[in-house]
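For reference, the structure discussed in these notes is given below.
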Amino acid sequence: MSRSQIRRTSATGGATGGATDAAEIDDSRATILHVDMDAFFASVELLHRPDLRGKPVIVGGAGTRGVVLSATYEARRFGVHSAMPIGRARRLCPQAEVITPTFARYATISTAVMEIFGSVTPYVEPLSLDEAFLDVSGAVRRLGSPRVIGQLIRHRVQSEHGITCSVGAASTKFVAKLASTQAKPDGMLVIPPDRVVSFLHPLPVGALWGVGERTEERLRRLGLTTVGEIAHTPESTLQRALGHALGSHLSALAWGRDARPVDPHAPDRSLGAEETFDRDVDDPTVVRRELLRLAERVGSRLRAHGHVGRTVALKVRFADFTTITRSRTLPEPTDVAREIYATATDLYDALGLQRARIRLVGIRVEGLLASDDAHRQLQLGVPEVGWREVEQAMDKAAARFGSGAVTPARLLDQNRRSEDRGEET
Amino acid sequence: MTDDSFVHLHVASGYSMRYGANSPRALVDRAAHWGQAMVALTDRDGLYGAVKFALAAREAGIRPIFGVDLARTAQPTAGSTAQPVGIRRSAAGRTGTGLTLADRTRATPTRASPARARTPARGGVTVDPHHPRVVLLARGAHGWAALCHVVSAAHAGLQQTGQQSGRQVGRGTPSITLDQIAEVIESTASGSLVALLGPDSDVGRALARRRPDLAAHILTAYLETLGRDNVYLEIVSHRARDAALAASDVDGNPARGSALSSAFSSALAARMLTFARDQRLPAVLTNAVRYVEPSDAPVVDVLDAVRRLVPLDPRHLDRPNAEGYLKSGPAMRQVAREIVALTDSSHPDRLVDRLLGMTSDLAGSVALDPIKDLGIGSVHVPELDVLRETLTTTRNGTTTNLNPAAAPATAAAPGTGDTGDGWLRGRCERALRTTYLPTRPKGDDRTARERLDQELSIISTLGFAGYFLTVADVVALIREMGVRVAARGSGAGSLVNYLLGISGVDPLEHGLVMERFLSPLRRALPDIDLDVESARRLEVYTAVFERFGDQRVTCVSMMDTYRVRHAIRDVGGALGMPKTEIDHFAKAFPHIRARDARNALVELPELRDSGLGRLAAQGRLDNFFSLVEALDGLPRHVAMHPCGLVLSDLTLLDRTPVEASAAGYPMSQFDKDDVEEMGLLKLDVLGIRMQSAMAHAVEEIARVDEVDVVVDDIALDDEPTFDLIRSTHTLGCFQIESPGQRELLGKFGPETFHDLIIDISLFRPGPVKSDMITPFLRSRQGWAAPAYLHENLRPVLAETYGVVVFHEQVLRMVAVMTGCSLAEADEVRRNLGSLDTQNEVRTWFYPAARDQGYDLDTIEEVWDVLRAFASFGFCKAHAAAFALPTYQSAWLKAHHPAAFLAGVLTHDPGMYPKRLILDDARNLGIAILGLDVNTSGATYRVERVSPYDEPPPEILGTPPRQSPPTPGVPDGRAYGIRLSLADVLGISEREVGRIVTGQPYASLTDFWSRATASRPVVERLVLAGGFDSIYGLGFSVGVRRRGQVTRRDLLLQVADLDRDSRASARATPTRSTRSTRSTRSTDGTDGTDGTETPQEPDVQLSLGFDPGADSLTTSGLAEMSAADRVRAELEVLGLDVSNHVLDFYDSMLHSLGVVRSRDLLRTRSNAEILIAGVKVATQTPPVRSGRRVIFLTLDDSTGPVDATFFSDVQGPYAATVFGSWTMLVRGVLRRTGPRGVSLRATGAWDLGTVHKVWREALTGSSSAGRALEAVRTLIASTDIPTETEQAQHHRVLVHPSGYRQSPYADVGTPGEDVKRPPSKLWHASPGSSG
């Protein structure tokens, strides 16, 4: 609901790329930009399938499984949106073309787009393949006002890569992100500090960062449906209703207060990978094999980043989309896939599942440290050269011969995609 | 021996729940087709299909063999300490001693036995433990009894594990131990059971692991238990590969599927054959049949997955290929050859012959005669001495007035072998003398005596005296308990029933005949149904069980079979579709048969034009729907029949297997038809919610007005009651509240009880189909003279103006026309019901009538009427029995409207949602009193209020309660109805109990600490206004007093209290917290919603101190708006209490000129009008045209409005009618009678959508004219497709009477149940700000 309402407001509010009022608005302090590709995966696919332009296109898992990863605006008109099960999307929009994702393409274009950002400012904080925060305060002298910079970025992305993006500019990350959402598709919205309140307050509470369906419902019961109503409710009341932390968090956001800086080197707090099965799985053997694969992937990426982590978390999503996570903290931080795998399978076995149908499993390693900082205690009776060294050797082989050059035998028969699907950092 | 003589000894039908793919009849027919002389039915876990199998076999001329396929365990399954249901108590007491070594060292330990480490987080435990199985066949005279007992024993003790994981997955897995088998054999006869040990038995599994030593060991135990002559090895080959030997893992757990597949290999079969030879045991060849045709095999896969509640995956499937079908004799001989070829036999041909010979020899020795061995067709009623016992008890009871004749001392005392005739006669004559005749005019004496003599002689001829005595006994028992009871059905036609106190309608006074009920030409036990209060039905059951004992009484079961919605759910689940998708698919369909799924997708406009329909048209869903259709009609779940009780003598458990129902009652595995075939006395004790509603009303009248109403004593000629009925304001009344009935009442205008009987009978498929209503009404209103088919029929048809309405009239017509007896005439009536027998009747009827001197034209004319009537119409005796509660409920509504509607709201007997009943109450001037934790109870209660609202409504800005405008409708302004706690979403019975016990409460804190309801429930109580009276809230006065507490402040306080409780629970861990919420996020994206972590309370709170009392004033939250309140009420109670939902659309509806229900009668005929309202019912009744017609009932706060959608407008609008909750409907009005109107709909739109257009246009232009224009454009924009476009999709079902019916008539309609508002209904909410 929140999503659609935001969009509706944007249609009527109409503050997109028009330059008419550009002169009147003082945008000099709106130096945080949020850039978000429009229907990124779908737009990239359209580059290769120009015949599908103007038609409803959905990118997502093949067959009746999986979820919508991206959909063109033509498809969204039928109610299709990302994260929706493909089956439902097909029912809503039977005429849509469904395309299986080709992650390599997205990664290539993403890298190129991020390079454009980098040419504008060193302060780029990527959020995912298709969106990033930019702090352009240092570039204003060189390139012009944030509005000009935003238009420049939009222009370059479009002309160099043939896809469109939307830009929100504001003095905080939170407002910038909301602004880009409002500007979609292919638009730009600048919210200078003196307009933040009038921009925020008519929005539905769901627009606030941290308000999910449950919180939204709780707020609605209290008669709070807009950001403005939240803003004018005593903070203590919000805290009583929602708890201390969330209460003050929402109170601050409702007035546009968000102190987070754009941090190009935001240290990863955690690193993980997850996989949606092609079909719901209840076979423990299959699940364990997938856990091994995920552990290998997480381990190798930890080592690539030079991180070790202390806590291993297992995420299981069931067929009915309910999700549970279980985690365990290790005595020693690790970057060894074997250890991660052992912990994850322990956590999985402890669930005692017998015929539960699992849709997705994920492994995440939390509490990351630079591996140089973590000193590793030698354990008695354990050979000093162990799995860690084996895996480092595997990393080297992979670096030289491509990923998958060396892999656990159990994963050999798997005819797997090499893309890191559904992966997040 | 010829090739064809093979007999299948191991055959599963669909009655092996979620295992077999075909009906017993299909299997029998195939066996007959192959020329096989015998066939067995060995369903898993029960004899559910045995009677149907026996009947099919008899028709096909095949000898049936009965058996069962059971799981064998060493210990009885869960609950072994419990007294086994259905096992005679004497058989107990052999625990532990008989355990053999083999029992302890089972070949296949299962995962089920060792204590599980912990409960699985989600998805439940494995539901199909893979126990070894054994097939037991019944042999000889005691075989059937032994089989029944062994099945009962297998199910005994399962009720403890019942309702595992909350889904209908069956009640655990039945299993049998060798000890239990031994007990059964001991209590019947040795040799009465024969065991087949196949590849899936423990012996077979040992051999699969190449452990003949272990197999021999296990075998010894079987031989000891059953005797050497009664154990056979069962050789099966499905030609599976023998590859997966190692697949049984080291623990002996067979890796599912693969191990089983190898179990059906010829190699294993050969090893088993060799083993049999070594052990000098006979062996038989079977095919372990699960389906008739190889092409049915995929169905079996779905069933395997569904049974195990797992996705369709090779790991979970039992079959290696499609060989497990019912093969012909030659095909089986070929299988035998293949198996023998793998043995070391030196004379393979001879071995093949021997194997097949042993098979047919065994078959010959176990085939049973259903009549002789099962006792099909014989009658068994409780022993007379049991009745004598109970009658003595009755006499000693306090209320003996209903059994005035129960004086066994004076009646002839029954000796052994007595049929009870004398006793029955004694009781009837005494009742006739002492109570019946004194109230009748003198002349009736002889008629009554003659009638009684005639009835008694028929009863005596049939040997049914014990039956009548038994039923009379049960009725007396129920009355003694103070439970309302009424007999329904044709039994009201019998004077004996009236004299025994079974029925309350005097057959002589109403001209009812007995032959419709009991005829010397039929041996079947007559049917007497008893209606009791629904809320006390189980109490009645318990009493009957106590009086007659478990050995003589059992409930009847009911086989739930797959229809389209369940089939979609199960197939979708097996295919791993997301739950929400499955749900959407299932609810899109009306409740049709599964096999019609794809037809419906093409034929029904609401499906055809949906995304689902278009996907299906692209052929994307073919696999899915072919599986759905294949499940059609297969049994999926056995449940207790809602009303059937079987009463019999001590041999009951020899004749039917019994298992525990979910509620713990012993339940026969036979359904109501089977039970009748088996000659068991079935007594239907129906729970009627209206009886409970009336009982509640009477209690409320006594409590509030201190008047004792005896409903059964009310005179049947009360004028205000008929005024009410004629006003058609009959919502809530028994039988006469449906739209069609209200329309009929308006045209008919009943004036007497007899009119009511006719009215109820007219509103039945028969009269509707034969178009009897129109001529009847014309004659009735005096517009036309009654037409009689023949002068001789005038006496028969005069009461209904020449129109045939009652079965009794058909009987008399046939008798008059042909001169036959009434008993023969009833046979004729029954035979009119099917096309086959109809022609026979015709060839008899014409000459017979000719012989009586009727001319051909008359005969022709009469025949047409009779044929059209077919077996429909109504039995007058039944209608009379029905009319009684109808009249009684109308009487209560006319004289005590508040109490009556409180009863209706509490027990919900009708077809409409409660919110419509509430609205009806409002329209009678009754005050609706909101939920209140201090005054609301577990039921709806009546309170006396001032007839005029206090404070005066003008101050509150609401209209005052009006007296009802219509004459004849009672004025209820002196009363209010207080809402019930039981309707609060998610509240438990125990919570209601605690709340009521703790009343009154001084504050929310007080309530929190004493009522200890869960937090969500307390929050809902707050939201629905349950605390308004304590805090002086409840009026939406515009100005808010300073410091005034709001419901929202209370919500915050609940949060504080909850935090406090958690904190103190942490401090003192013994106090349990009451968190009922799961800590899982539902979509995974909401994980940042960090509210789950309990926070330390901001203020230290101590017990006794009302926390937050100070902060209540500073929360800064506004009170709920009127719209917020209604929304909360709908969410919490499912009722709109403070305002009608439609009130929020008032201004738009007014501008559009929407006509309200109360103004319809003042609208001129043929006008095109708009109506609007909340959907309260959709029906698709059968109509003459054979098209589907949708009847829609809306509620617009002034009463119900009914609209009819004919097939030509369904195309664009059906989806809206079924899918929306509030609607705007356009239609043409027609006046049909003094108080009757009907609306032919020409369009329907979702009211929320219309309102959105209206509001947007209004905000855009702020001109009402523009807004109106926008809505009119919307309404005009839908096209109605041309007739030809629709005509191509049109199937009809043709009935024997020649009547054509749409396949979609008379089934539940698509979409959600209208009884509760949809959960997400205010998506386009009006009234809410923004």
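Those protein sequences? They're chains A and B, same order as listed.
Residue numbering for the first sequence follows numbering that gives the first Met the number 0, beginning at 0 and increasing consecutively.
Residue numbering for the second sequence follows numbering that gives the first Met the number 0, beginning at 0 and increasing consecutively.
Idealized CB from N, CA, C, for every residue including glycine.
Quick caveat: nothing in here was measured; it's all calculated off a predicted structure.
Item	Value
Between B:G1307 and the rest of its own chain, which residues show a CB-CB distance below 7 Å, the 5 nearest in sequence each way excluded?	P589, H590
Out of B:V991, B:T1192, B:V301, state which residue places its alpha-carbon closest to the alpha-carbon of B:R17.	B:V301
When you compare each of B:P896, B:V809, B:S1150 to B:F873 by their alpha carbons, which one comes out closest?	B:V809
Determine, using beta-carbon pairs with one atom in the region 861-869 of chain B and one in the region 689-708 of chain B, whether at least three such pairs fall under 8 Å.	no
Am I right that A:F116 and A:A131 are in contact with their C-beta atoms under 8 Å? What's the rounded C-beta distance?	6 Å
With three or more beta-carbon pairs closer than 8 Å as the criterion, would you say the region 1119-1134 of chain B touches the region 977-987 of chain B?	yes
With a threshold of 16 other CB atoms inside 10 Å of the CB of A:H154, please say whether the residue is buried or exposed.	exposed
For the putative contact between A:V56 and A:I98, defined by C-beta atoms under 8 Å, what is the C-beta separation to the nearest angstrom?	6 Å
Smallest Cα separation from B:L517: which of B:A269, B:F467, B:A1256?	B:F467
Using a beta-carbon distance cut-off of less than 7 Å, what residues from the region 252-283 of chain A approach chain B?	R278, D279, D281, D282
Could you tell me which residues DSSP pairs with B:K681 in its beta bridges?	B:V645
Could you have a look at B:D1312 and say whether DSSP puts it in helix, strand or coil?	coil
Can you check whether the C-beta of A:P233 is within less than 8 Å of a C-beta belonging to chain B?	yes
Against B:V309, what residues of chain A qualify as contacts under a CB-to-CB distance less than 7 Å, listed in chain order?	D281, R354
Taking A:M36 as the reference, give the member of A:P49, A:A29, A:T321, A:K176 with the closest Cα.	A:K176
Mind listing the chain B neighbours of A:T236? Cutoff is C-beta to C-beta under 7 Å, in chain order.	L1051, S1114, G1115, L1116
Quick test of the definition: if touching needs 3 or more C-beta pairs under 8 Å, does the region 285-299 of chain B touch the region 15-32 of chain B?	yes
Is there a Cβ from chain A that is less than 8 Å from the Cβ of B:K1251?	no
To which residues of the same chain is B:F775 closer than 6 Å at the C-beta, ignoring the five residues directly before and after it?	Y800, V802
With a threshold of 8 Å between beta carbons, is A:A287 in contact with chain B?	Note that residue 287 of chain A is Arg in the sequence shown here, rather than Ala. A:R287 does not count as touching chain B.
Helix, strand or coil for A:Y122, going by three-state DSSP, please let me know.	coil
Step through the CB atoms of chain B and report whether any lies within less than 8 Å of the CB of A:R28.	no
Could you work out which residue in B:P381, B:R535, B:A783 is closest to B:R650 when comparing CA atoms only?	Per the sequence presented here, residue 650 of chain B reads as Thr, with Arg not at that position. Looking at the Cα atoms, B:P381 is the closest of the given residues.
Using Cβ-Cβ distances below 9 Å, what residues of the region 75-94 of chain A are close to chain B?	F77, A82, P84, G86, R87, R89, R90, L91, C92, P93, Q94
Determine, using beta carbons only, whether B:L1114 and A:P233 come nearer to each other than 8 Å.	One point to set straight first is that residue 1114 of chain B is Ser, not Leu, in the sequence displayed. In this structure, A:P233 lies closer than 8 Å to B:S1114 by Cβ.
Is B:Y787 helix, strand or coil when you go by DSSP?	coil
How do the region 192-199 of chain A and the region 73-85 of chain A stand: do at least 3 beta-carbon pairs fall below 8 Å, yes or no?	no
Can you confirm whether B:A1054, when its beta carbon is compared against all beta carbons of chain A, has any partner nearer than 8 Å?	yes
So is A:D319 in contact with chain B if we call contact Cβ pairs under 8 Å?	yes
If we call anything under 8 Å between Cβ atoms a contact, is A:I190 one with A:A206?	no
Once the 5 residues before and after B:T285 are set aside, which same chain residues still bring their CB inside 6 Å of it?	L8, H9, E233, V235
I believe B:Y1303 touches B:T1179 by the beta-carbon criterion, under 8 Å. Please report the beta-carbon distance rounded to the nearest angstrom.	6 Å
Measuring CA to CA, which of B:M331, B:L507, B:D754, B:Y1212 is closest to B:L606?	B:Y1212
Ordered along the chain, which non-local residues of its own chain (more than five positions away) have a Cβ less than 6 Å from that of B:R336?	V351
Throw me the rounded Cβ distance for the A:V156 and A:A182 pair, which I believe falls under 8 Å.	The pair is not a contact, with the Cβ atoms about 14 Å apart (cut-off 8 Å).
To be precise: take each residue of the region 204-229 of chain A, compare its Cβ to all Cβ atoms of chain B, and keep it if any distance is under 7 Å. Which residues remain?	G209, G211, E212, R213, T214, R220, L221, G222, T224, T225
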